[in-house]
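Residue numbers for the sequence shown, in my numbering: 335 to 466. For every residue, glycine included, the Cβ atom is placed at its ideal position computed from N, Cα and C.
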Amino acid sequence: MIRPMVNRDSAYFWEGTQKGELRVQSCNACGALRHPPGPACPECGGLDRGYVVAAGEGEVFSYVVHRHPPVPGKELPIVIALIDLDEGVRMVGEVHGVQPEEIEIGRRLRVDWHRVDDDLTLPVWRPVEEDS
Ligand SMILES: [Zn+2]
């Protein structure tokens, strides 16, 4: 399968997923949140970074259903969504537990964890039941 790139800027994120934490980078100077992570704050230019742990819920901003070409280690189709977290940042993620024709913009999703091996846990998203 394709493994995500872990580098100095994103290591905090992948350390978080291993602990079941969805981490969002924050600026220690002005407090702004950002995702994907980067070296400098887009709001104030600050370089001092931290993170917060997101509650792990959001809603679908947009999505694609990937049917072709084949992806190593994946069963198709895959639903990939851009998710607006309640914290105000946008993340891309795979949606599980939903048929491609059921996904829609605005659908509430909650993060879940897919442990690949000792070194890698991937966030996946599942629909929040409507009446809960
Ligand atoms: Zn800042």
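**OP:** Measure the alpha-carbon distance for residue 407 versus residue 375 and round it to whole angstroms.
**Re:** As a working mapping, residue 407 is identified with position 73 in the sequence shown. As a working mapping, residue 375 is identified with position 41 in the sequence shown. Taken atom to atom, the span from the alpha-carbon of residue 407 to that of residue 375 is near 35 angstroms.
**OP:** Would you decide whether residue 388 is buried or exposed? Buried here means 16 or more other CB atoms lie within 10 Å of its CB.
**Re:** Taking the first residue of the sequence shown as 1, we reach residue 388 at position 54. Buried, since its Cβ has 16 or more Cβ neighbours within 10 Å.
Original post:
Applying the criterion that 16 or more other CB atoms from any shown protein chain within 10 Å of the CB defines a buried residue, is residue 352 buried or exposed?
Top reply: To locate residue 352, count along the sequence shown from 1; it is residue 18. Per the 10 Å Cβ criterion, exposed.
**OP:** Count the CB pairs spanning the stretch 418-425 and the stretch 362-372 that are closer than 8 angstroms, and state whether there are at least three.
**Re:** Look at the beta carbons and you see the stretch 418-425 touching the stretch 362-372: at least three pairs across the two are nearer than 8 angstroms.
Original post:
Does any heavy atom of ligand 1 sit closer than 7 angstroms to the C-beta of residue 377?
Top reply: Position 43 of the sequence shown, counting from 1, holds the residue named residue 377. Because some heavy atom of ligand 1 lies under 7 angstroms away, the Cβ of residue 377 counts as near it: yes.
Original post:
Would you call the stretch 447-455 and the stretch 379-396 in contact, with 3 or more CB pairs under 8 angstroms?
Top reply: Under the three-pair Cβ rule at 8 angstroms, the stretch 447-455 does not count as touching the stretch 379-396.
Subject >> Candidates 354, 461, 357, 378, of which the one nearest residue 365 by Cα >> reply: Here residue 365 refers to the residue found at position 31 of the sequence shown. Nearest Cα to residue 365 within the set 354, 461, 357, 378: 378.
Subject >> Residues near residue 350 in its chain [Cβ-Cβ closer than 8 angstroms; skip 5 each side] >> reply: The residue labelled residue 350 in the question sits at position 16 within the sequence shown. Contacts found: 356, 357, 385, 387.
**OP:** Ignoring anything shorter than 3 residues or poking outside the stretch 356-430, list the beta strand (DSSP E) runs there in chain order.
**Re:** Given a length threshold of 3 residues, each whole run of the beta strand (DSSP E) inside the stretch 356-430 is given here in chain order: 356-361, 383-388, 391-400, 412-419, 424-429.
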